[in-house]
Every structure is written in C-alpha cells, then in structure tokens.
C-alpha cells in the first residue's frame with residue numbers, strides 16, 4: 001500500500017518512509033582461488049558437508065538466508081577446459097544484515113574456523 005503524507009512528513013505522497021521500506025538483505029560474495037585443484041576440491045567437500053560443525057550449515061544458520069557454492073561449469077572435453085578455473089570457487093551468502101554477518105564472523109573467529 002502506498003504511504004500517505006502526514007503532517008510534518010517531508011516525503012512525497014506515495015513514497016514509503018524510512019520505517020516503511022522493506023529490509024534489504026546484505027549480499028556477500030567470497031571468491032577463493034586455491035593453489036591446486038585438489039585443495040579446492042577438498043575445501044568444497046568439507047564446506048558443503050552438512051554434517052560438519054562449521055561449513056555451509058553453520059553459515060546458513062547464521063545468515064538466515066541463501067548460501068550457494070558457485071563453480072564454473074567446464075566443458076566435458078578436457079582439452080577445452082581452462083586450467084585457471086580448476087582452482088576457483090565462489091560462495092554467495094544472503095544475510096539479513098551487516099550486523100548478522102559481523103556476529104557470525106566473530107563466532108567463527110572464536111571457534112578457530114579461519115585457522116583451519
């Protein structure tokens with residue numbers, strides 16, 4: 001519904017005020033480039049395992065939004081593959097706010113996640 005103009009409100013009629021605007025999520029893209037394809041594959045396997053304590057499951061529980069691992073789709077023909085892509089992975093995280101991201105970061109820092 002459109003916002004109505006009230007006395008003392010400087011916003012144009014029909015424009016939502018700051019308190020009426022829907023909350024916008026905070027999106028974070030993390031891009032990793034490992035030294036070896038085996039290192040990338042091991043990290044992806046660990047991070048995507050929903051049974052470990054600090055991978056994708058923890059991230060999803062912290063951010064309360066979408067968490068996606070993104071890898072480039074390579075051609076089936078090995079001769080047509082770009083070797084530079086074999087070491088790369090990107091994570092898409094949709095957080096409810098920057099503050100939620102900071103709180104989860106501190107939780108992971110204290111747990112030693114970034115030292116692994």
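Residue numbers (the UniProt record's numbering): 1 to 116.
All C-beta atoms in this analysis are idealised placements derived from N, C-alpha and C, irrespective of residue type, glycine included.
Since we're looking at a predicted model, the values are computed, not measured.
Given this structure, state the Cα-to-Cα distance separating residue 67 from residue 60, to the nearest angstrom. The residue labelled residue 67 in the question sits at position 67 within the chain shown. The residue labelled residue 60 in the question sits at position 60 within the chain shown. Going from the Cα of residue 67 to the Cα of residue 60 covers about 6 Å.
Report yes if the C-beta distance between residue 100 and residue 54 is below 8 Å; otherwise report no. In the chain shown, residue 100 corresponds to position 100, counting from 1. In the chain shown, residue 54 corresponds to position 54, counting from 1. One thing to note: residue 100 has its Cβ no nearer than 8 Å to the Cβ of residue 54.
With DSSP as the reference, identify every bridge partner of residue 28, one or two as the case may be. Counted from its first residue, the chain shown places residue 28 at position 28. Beta-bridge pairing links residue 28 to 93.
Cβ atoms of residue 72 and residue 98: under 8 Å apart, would you say? Position 98 of the chain shown, counting from 1, holds the residue named residue 98. Position 72 of the chain shown, counting from 1, holds the residue named residue 72. Their beta carbons are not under 8 Å apart, which means residue 98 does not touch residue 72 by this criterion.
Pick helix, strand or coil for residue 72, following the three-state DSSP scheme. Within the chain shown, numbered from 1, the residue matching residue 72 stands at position 72. Residue 72 falls in the coil class under three-state DSSP.
Distance CB(residue 58)-CB(residue 92) smaller than 8 Å: In the chain shown, residue 58 corresponds to position 58, counting from 1. In the chain shown, residue 92 corresponds to position 92, counting from 1. Not closer than 8 Å, so no.
Within 10 angstroms of the Cβ of residue 47, are there 16 or more other Cβ atoms? Answer buried if so, exposed if not. By 1-based counting over the chain shown, the position of residue 47 is 47. Looking at its Cβ environment, which holds 16 or more other Cβ atoms inside 10 Å, residue 47 is buried.
Suppose you measure from the CA of residue 86 to the CA of residue 76; what does that come to, to the nearest Å? Here residue 86 is taken as the residue at index 86 of the chain shown, counted from 1. Here residue 76 is taken as the residue at index 76 of the chain shown, counted from 1. Each residue's Cα considered, the two are about 13 Å apart.
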